[in-house]
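Read the structure below first, then the notes.
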Amino acid sequence: MRYYEIALLNTPNTFTYRSKNRYKKGDVVVVPLKNREVQGVVLKEVEKPEFECKDIISKIYEFDEKYMKIIEFISFYYFSSIGEAAGLFYLPPKLPKKEAFQSVKTQIVLTPKQQEAYDFLEKNEVSILFGDTGSGKTEIYIKLIEKTINENKEALFLLPEIAITSQMEKRLKKHFGENVAIWHSKVTKKTKEKILNELAEGKIKVVAGARSALFLPYNDLGLIIVDEEHDDSYKSESTPKYNAKDLAVLFGKTLNAKVVLGSATPLVSDLYKFPHFRLKGTYFNTTKKRYFTEHFDGFILSKIEEKLKQKKQTIIFVPTRAHFKYMICKNCGEAVKCKYCDVAMSIHKDKLALKCHYCNFTSPIPNVCPSCGSEEFLNERKGTSEIVEELKELFPDAVIEKFDRDIVTSKSRIDKLLKRFANKEIDILVGTQMLAKGHDYPDVALSIVLDIDFLLNSADYKARERAFALARQVEGRAGRKEDGEVIIQTLNPEFFDRSYEEFYKEEIEFRKDLGYPPFVRMCKVEFSDKKLEIAKENMMRFVNCIGEKEELMGYGEAPIFKLQNRYRFQVLFKGKNLHKIIYPCIDLKVAKADMDPVSFI
DNA sequence: AGCACGCCGACT
DNA sequence: GTCGGCGTGCTC
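Residue numbers for the first sequence follow numbering that gives the first Met the number 0, so the first one is 0 and each next one is one higher.
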């Protein structure tokens, strides 16, 4: 009888099972666990243990050496178990019966500049397509996909979840027909099974999908495109907290696939690390005028009025959803906070409620301050709903709609709203970050960015690049096909009124001086418990083990101290070899590590 | 996933 | 006291 250490998929622990058969590392087997059957990856053969072992039921798949290398990297780099890393991958169905190879031919003819970009991306293993909104990146992607298919390889087109909209699907299907599959979290189980089958059969050659599409069982992946590569939603916020954009580079290297990162505003760190091709201006050679203003004032309103008169459309970006971010007592200055989270609750007038944007706890709007009993409140910072209401009063004849997480709850609702906008049934669209993302937004005459200083001033080393990129992305929505105008509400016009290259030059110096990525890595280690003392003790044990190291930036209460009824403490690191420092001290039962964090709350 | 265990509030 | 709700931890 042989004994094997097996990492159960999606669990932190390994278990020992026995069998008469010989298995090797990477074999995926079915094993009994309590009264059900689960899957696990064989790690190695071990000595007969003290305890009783159950028998391995069957072998269903094997990860080859390349994939095991990737799984081990994910496990090591993101401080997760092999089972959690392997659990990310989708397994193929059993009967792979390959269809005959068919070549494709698209009708696309690249412009000389696009061809130059194509040639550049062709000759580099990993590179960035740094192209302005509307500069014609998609045609280049399609040509790269065409070439990949004709080499009888598969192409993966990654997009942020929110950007997976019908338009990109339509464009890809127009060129590659039934060879295209769309993959994201909202695709039904049945459709997912169908895609897995067709992928195994060799019928599907192009997958356009969200970050999880990276883990599909490709036969021979030849190309990975990461569009909107700057987008934070490539980072998973559940264990393992991987970044699909960074992993795409690893997959490319390990599986011998070309990697293209595309964006109008590439991350400073990526622009530093990888070669890029600059695709400037818009395809239609339009011009864009940029204005700055300190307040949401008459200038903005007169511009909106002007566009309404010309029957042209406006989009307004607001960093806050709901009505106002906070309800603050005029007397004692306390914000009304969520009872489960240390977070001020947001006002939702339509539901006559306060809502916590972190745990969704809802409570009625109080008449008196819960802290001091005073009856007078101040409302802090305007949100999407408040702006919509104010504009409706000012422009009663205009059609004004809201576009944020409260409205956009499903893909069909996004599609419907954007279709109406495209048909010019909506004059003004007011929205949050979502407005800046994706491809499906039609051309508008005026883009307005409100209150961006709120983003710029948030306490996080990425705040500057996020604010700059967001302003540029919202700007990009105007003037793609016709000349457009942009208004940015800020007290820092000089920060925004420059090219991305100028911003990059300053930012990279800033990061170098202060020692931030890409010159170092960062890691956040979190300790949380419903009992404050336990969370704190766990953190202190860890901090004491680390000792005095220059990589240890600080530790203490998390910026949101209480979340979903749990107290949170965190330890922050930056440095060149964080794994070497953290691994000897971390107890993964009580600590959650977040490598290359995008959120510091 | 499902089941046992234990902590804490409501009450025969 | 005890009953039971539910959050937490364990399953080789």
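Glycine is no exception: its CB is placed at the ideal position from the N, C-alpha and C atoms.
Everything numeric in this text was worked out from a predicted model, so none of it was measured.
> If isoleucine 386 and valine 317 are in contact, beta carbons under 8 Å, what's the gap, nearest whole angstrom?
Replying inline: Here residue 386 refers to the residue found at position 387 of the first sequence. Here residue 317 refers to the residue found at position 318 of the first sequence. Contact flag correct, Cβ pair sits at about 6 Å.
> Does the distance from the C-beta atom of phenylalanine 273 to that of isoleucine 127 stay below 8 Å?
Replying inline: Counting from one through the first sequence, the residue named residue 273 turns up at place 274. Counting from one through the first sequence, the residue named residue 127 turns up at place 128. Yes.
> From which residue to which residue does the beta strand (DSSP E) around phenylalanine 14 run?
Replying inline: Indexing the first sequence from 1 puts residue 14 at position 15. Per DSSP, phenylalanine 14 belongs to the beta strand (DSSP E) from 13-18.
> Buried or exposed: which applies to cysteine 59, given that a residue is buried once 16 or more other Cβ atoms fall within 10 Å of its Cβ?
Replying inline: Against the first sequence, residue 59 aligns to sequence position 60. In the sequence as presented, cysteine is not what sits at residue 59; that position holds isoleucine. Burial call: exposed.
> Which two residues bound the contiguous beta strand (DSSP E) that contains glycine 608?
Replying inline: Within the shown structure, residues of the chain are numbered from 0 to 600, placing residue 608 beyond reach of any answer.
> So what does alanine 154 bridge to, in DSSP terms?
Replying inline: Here residue 154 corresponds to residue number 155 of the first sequence, with the count starting at 1. For alanine 154, which the question treats as bridged, DSSP gives the partners Val205, Leu222.
> Ordered along the chain, which non-local residues of its own chain (more than five positions away) have a Cβ less than 6 Å from that of alanine 247?
Replying inline: As a working mapping, residue 247 is identified with position 248 in the first sequence. Around alanine 247: Ile223, Val225, Val258.
> Helix or strand or just coil, what does DSSP make of threonine 319?
Replying inline: Within the first sequence, residue 319 is the residue found at index 320, counting from 1. Coil at threonine 319, not helix or strand.
>> Please classify asparagine 576 as buried or exposed, where buried requires at least 16 other C-beta atoms within 10 Å of its C-beta.
In response: To locate residue 576, count along the first sequence from 1; it is residue 577. It is exposed - the Cβ of asparagine 576 has fewer than 16 other Cβ atoms within 10 Å.
> Exposed or buried, lysine 544, counting other C-beta atoms within 10 Å across all chains shown (16 or more means buried)?
Replying inline: The count along the first sequence starts at 1 and reaches residue 544 at position 545. Looking at the sequence itself, residue 544 is cysteine, so the reference to lysine does not match. Taking every protein chain shown into account, the CB of cysteine 544 has fewer than 16 other CB atoms within 10 angstroms, so this residue is exposed.
> Between which two residues does the beta strand (DSSP E) harbouring glycine 574 extend?
Replying inline: For the purposes of this step, residue 574 is identified with residue 575 of the first sequence, where counting begins at 1. For glycine 574, the enclosing beta strand (DSSP E) stretches over residues 565-574.
>> At the level of alpha carbons, what is the spacing between glycine 382 and threonine 264?
In response: Start at 1 with the first residue of the first sequence, and residue 382 comes out as number 383. Start at 1 with the first residue of the first sequence, and residue 264 comes out as number 265. Taking the straight line from one Cα to the other gives about 25 Å.
> When we look at the beta-carbon of glycine 130 and count the other beta-carbons within 10 Å, is it buried (16 or more) or exposed?
Replying inline: Sequence index remark: in the first sequence, residue 130 carries index 131 (1-based). Burial check for glycine 130: the Cβ neighbour count within 10 Å reaches 16 or more, so the residue is buried.
> From Gly201, Ile203, Glu484, pick the residue whose C-alpha is nearest to that of threonine 285; which is it?
Replying inline: Here residue 285 is taken as the residue at index 286 of the first sequence, counted from 1. If we check each option's Cα against that of threonine 285, Glu484 comes out closest.
> tyrosine 582: buried (16+ other C-beta within 10 angstroms of its C-beta) or exposed?
Replying inline: As a position in the first sequence, residue 582 is number 583, starting the count at 1. By the C-beta density criterion, tyrosine 582 is exposed, having fewer than 16 other C-beta atoms within 10 angstroms.
> Which value, in whole angstroms, describes the spacing of the CA atoms of serine 268 and proline 516?
Replying inline: Here residue 268 corresponds to residue number 269 of the first sequence, with the count starting at 1. Here residue 516 corresponds to residue number 517 of the first sequence, with the count starting at 1. Looking at the backbone, the Cα of serine 268 and that of proline 516 are separated by about 6 Å.
> Are the beta-carbon atoms belonging to proline 369 and valine 335 less than 8 Å from one another?
Replying inline: One-based indexing of the first sequence puts residue 369 at position 370. One-based indexing of the first sequence puts residue 335 at position 336. For proline 369 and valine 335, yes; Cβs fall inside 8 Å.
>> Within 8 Å, do at least three Cβ pairs link the stretch 49-67 to the stretch 85-93?
In response: These segments touch.
>> So, for leucine 562: in the same chain, excluding its five sequence neighbours on each side, which residues have a beta-carbon less than 8 Å away from its beta-carbon?
In response: Start at 1 with the first residue of the first sequence, and residue 562 comes out as number 563. Closer than 8 Å at the Cβ level, and outside the excluded window around leucine 562, lie Tyr339, Cys340, Asp341, Val342, Tyr357, Cys358, Ser527.
> Should the stretch 448-463 be regarded as contacting the stretch 415-424, the criterion being three or more beta carbon pairs within less than 8 Å?
Replying inline: Result no; under three Cβ-Cβ pairs closer than 8 Å.
> For lysine 279, which residues of its own chain have a beta-carbon under 7 Å away from its beta-carbon, when the five flanking residues on both sides are left out?
Replying inline: Within the first sequence, numbered from 1, the residue matching residue 279 stands at position 280. Counting only Cβ-Cβ distances below 7 Å, and skipping sequence neighbours, we find Asp131, Ser134.
> What are the start and end residues of each continuous beta strand (DSSP E) run of 3 or more residues lying completely inside the stretch 336-380, in chain order?
Replying inline: With a minimum length of 3 residues, the continuous beta strand (DSSP E) runs that stay inside the stretch 336-380 are 345-347, 352-354, 361-363.
> Which class does aspartate 528 belong to by DSSP, given the choice of helix, strand or coil?
Replying inline: Translated into positions along the first sequence, residue 528 becomes position 529. Note: aspartate 528 maps to strand in three-state DSSP.
> What whole-angstrom Cβ distance do leucine 571 and glycine 553 have, given they're in contact under 8 Å?
Replying inline: The residue labelled residue 571 in the question sits at position 572 within the first sequence. The residue labelled residue 553 in the question sits at position 554 within the first sequence. So it is a contact: roughly 6 Å between Cβ atoms.
> Beta carbon of alanine 180, beta carbon of valine 206: below 8 Å?
Replying inline: Position 181 of the first sequence, counted from the start, is the residue given in the question as residue 180. Position 207 of the first sequence, counted from the start, is the residue given in the question as residue 206. For the 8 Å CB-CB criterion, alanine 180 and valine 206 form a contact.
> Which full runs of the alpha helix (DSSP H) of 4+ residues lie inside the stretch 402-486, going along the chain?
Replying inline: Within the stretch 402-486, the complete alpha helix (DSSP H) runs of at least 4 residues are 410-421, 452-455, 462-474.
> Looking only at its own chain, which residues have a Cβ that is under 7 Å from the Cβ of phenylalanine 72, when we skip the five neighbours before and after it?
Replying inline: Mapped onto the first sequence, residue 72 falls at position 73. Within the same chain, phenylalanine 72 has close Cβ partners Leu249.
> Quick one, are the C-beta atoms of glutamate 153 and aspartate 231 less than 8 Å apart?
Replying inline: Within the first sequence, numbered from 1, the residue matching residue 153 stands at position 154. Within the first sequence, numbered from 1, the residue matching residue 231 stands at position 232. No, these two residues do not count as a Cβ contact at 8 Å.
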